[in-house]
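Chemist:
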Amino acid sequence: MTDKPQDGDRLVIAGRSFASRLIVGTARFSSRQVMLDALAASGTEMVTASIRRISLEGYSESLVDLLGGRYQLLPNTAGCATVKDAVLTAQLARESLETDWVKLELIGDRETLYPDVAELIQAAEQLVGDGFTVLPYCTDDPVVCRRLADVGCAAVMPLGSPIGSGMGLCNPYNLELLCDRSPVPVILDAGIGTASDAALAMELGCGAVMVNTAIAQANDPVNMARAMGEAAAAGRRARLAGRIPRRSYGEPSSPQLGLIGSGS
Amino acid sequence: MVATVRINGEDRRLEVGTLIELLRAEGVDPKRRGVAVALNGTVVRRGDWPAAALSPGDEVEIVKPFAGG
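Chains as they are written, first to last, in our numbering: chain F, 1 to 264; chain P, 1001 to 1069.
Now the structure itself:
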């Protein structure tokens, strides 16, 4: 048995293909080495980074130098609450990481970290017009996701539950609807707590999952990272294999003839 | 000319020259990968740093990639 994805079944976003269906964040790790080991164990090919003001008092090792050769670095606009800030951050990110790709985050509520979808759609349209490949972090609202795809986003990244909450997929029925209808890959992002959440997202039809806190803050981040990579692959394999339907009643699996004893 | 320039949200009084001079004075190696700069809300490409002249009251953002989710 192998945990590798099936041959030829690659994740395709904006014409670029990936073997791994797991994207991993780089935040909240206890140390740089733990982060490096966890990323390696996860099998991921794309990791996220934030863009922040340089410390004028020192210049620590660059994330680009540390990770740039091994992973595709996907900058985010984390912390931005306005279209203006998100667009400038994305433009700075493009310059900084020499990539057109951006994970667009526009938060409307600092406690729940819920996306502000009105601003998000506006910013997405502007950035697409400026040549960016936009991956928006959004709600699991099928209409919002459709609008984001319509304005040209390369994927949609709906939350399963709030960032860092570990509550998993709060609305799996909705997510499945979303996946059925989306013309672009659906990447479940936010709220994954453990491996089964990642597998479920893939079974429901997601193209990929993104995980940060569940790995970085696990007791054993390296093993959790490995579990997440395996879960994403297993969930994908199960999806492609075509599950049995759910039934209310039992259906025996052993033959009903040749029963020993008086029977009924 | 010494004037006030806002760098990363902090007002600083310094000798106003070009962006590349500012970076060097602040200890940022202009050749370092990952550094990006905006002047008054507009990104200034690396190739334009030597030519970009600062004026009093300018706002400069100097950023780089950090850990993030």
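Don't be surprised by glycine CBs; every beta carbon is placed ideally from N, CA and C.
Tell me, please, whether the region 183–190 of chain F touches the region 235–245 of chain F by the rule of three or more beta-carbon pairs shorter than 8 Å.
Modeler: They do not touch, by the three-pair rule.
Chemist: Would you call the CB atoms of residue 1061/P and residue 92/F closer than 9 Å?
Modeler: Residue mapping note: residue 1061/P aligns to position 61 of the second sequence, counting from 1. Residue mapping note: residue 92/F aligns to position 92 of the first sequence, counting from 1. For residue 1061/P and residue 92/F, yes; Cβs fall inside 9 Å.
Chemist: Mind pulling the chain F residues with CB within less than 8 Å of residue 1045/P?
Modeler: The residue given as residue 1045/P occupies position 45 in the second sequence. Residues of chain F passing the Cβ test: 95.
Chemist: What in chain F is Cβ-close to residue 1030/P, meaning under 7 Å?
Modeler: By 1-based counting over the second sequence, the position of residue 1030/P is 30. Going along chain F, no residue has its Cβ under 7 Å from residue 1030/P, so there is no contact; the nearest lies around 12 Å.
Chemist: Once DSSP output is grouped into helix, strand and coil, what is the label at residue 259/F?
Modeler: Counted from its first residue, the first sequence places residue 259/F at position 259. Note: residue 259/F maps to coil in three-state DSSP.
Chemist: Identify whether residue 53/F lies in helix, strand or coil by the three-state DSSP scheme.
Modeler: The count along the first sequence starts at 1 and reaches residue 53/F at position 53. Three-state result, residue 53/F: strand.
Chemist: Among 69/F, 53/F and 39/F, which residue has its Cα nearest to the Cα of residue 229/F?
Modeler: Indexing the first sequence from 1 puts residue 229/F at position 229. Measuring from the Cα of residue 229/F, the nearest candidate turns out to be 39/F.
Chemist: Mind listing the chain P neighbours of residue 162/F? Cutoff is C-beta to C-beta under 7 Å, in chain order.
Modeler: Position 162 of the first sequence, counting from 1, holds the residue named residue 162/F. Within 7 Å Cβ-Cβ: nothing; residue 162/F doesn't reach chain P, min ~12 Å.
Chemist: Determine the closest residue to residue 150/F out of 44/F, 124/F, 244/F and 171/F, with distance taken between C-alpha atoms.
Modeler: Position 150 of the first sequence holds residue 150/F. For the residues 44/F, 124/F, 244/F and 171/F, the minimum Cα distance to residue 150/F belongs to 124/F.
Chemist: The beta strand (DSSP E) spanning residue 120/F covers which residue range?
Modeler: Numbered from its first residue, the first sequence carries residue 120/F at position 120. Taken as a continuous stretch (DSSP letters only), residue 120/F belongs to no beta strand (DSSP E), being part of the alpha helix (DSSP H) at 117–129.
Chemist: Taking 9 Å as the CB-CB limit, is residue 223/F close to chain P?
Modeler: As a working note, residue 223/F is residue 223 in the first sequence. So, not an interface residue.
Chemist: Please determine, among 99/F, 169/F, 36/F and 262/F, the residue with the shortest C-alpha to C-alpha distance to residue 133/F.
Modeler: By one-based count along the first sequence, residue 133/F stands at place 133. The shortest Cα separation from residue 133/F among 99/F, 169/F, 36/F and 262/F belongs to 99/F.
Chemist: Within 9 Å of any Cβ in chain P, is that where the Cβ of residue 18/F sits?
Modeler: Counting from one through the first sequence, the residue named residue 18/F turns up at place 18. Chain P contact via Cβ: absent.
Chemist: Name the chain F residues that come within less than 7 Å of residue 1062/P, Cβ to Cβ?
Modeler: Taking the first residue of the second sequence as 1, we reach residue 1062/P at position 62. Simply 53 and 54.
Chemist: In angstroms, rounded to a whole number, what distance separates the CA positions of residue 261/F and residue 255/F?
Modeler: To locate residue 261/F, count along the first sequence from 1; it is residue 261. To locate residue 255/F, count along the first sequence from 1; it is residue 255. Roughly 15 Å between the two C-alpha positions.
Chemist: Strictly below 7 Å CB to CB, what residues from chain P border residue 64/F?
Modeler: Position 64 of the first sequence, counted from the first residue, corresponds to residue 64/F. 1033, 1034 and 1065, listed in chain order.
Chemist: Just mark residue 31/F as buried or exposed, buried being the case when its beta carbon has 16 or more other beta carbons within 10 Å.
Modeler: Position 31 of the first sequence, counted from the start, is the residue given in the question as residue 31/F. Burial call: exposed.
Chemist: DSSP state of residue 95/F, grouped into three classes?
Modeler: Here the question's residue 95/F lines up with position 95 in the first sequence. Residue 95/F falls in the helix class under three-state DSSP.
Chemist: For residue 229/F, which of helix, strand or coil comes out of DSSP?
Modeler: Indexing the first sequence from 1 puts residue 229/F at position 229. Reduced to three states, the DSSP call for residue 229/F is helix.
Chemist: Determine which residues of the region 149–177 of chain F have a Cβ less than 9 Å from any Cβ of chain P, and write them out in chain order.
Modeler: Listed by position along the chain: 163 and 164.
Chemist: Buried or exposed: which applies to residue 1067/P, given that a residue is buried once 16 or more other Cβ atoms fall within 10 Å of its Cβ?
Modeler: Locating residue 1067/P in the second sequence gives position 67, counting from the first residue. Buried, because 16 or more other Cβ atoms sit within 10 Å of the Cβ of residue 1067/P.
Chemist: By alpha-carbon positions, which one of 107/F, 66/F, 180/F and 196/F ends up nearest to residue 1033/P?
Modeler: Position 33 of the second sequence, counting from 1, holds the residue named residue 1033/P. Ranking the options by Cα distance to residue 1033/P, first place goes to 66/F.
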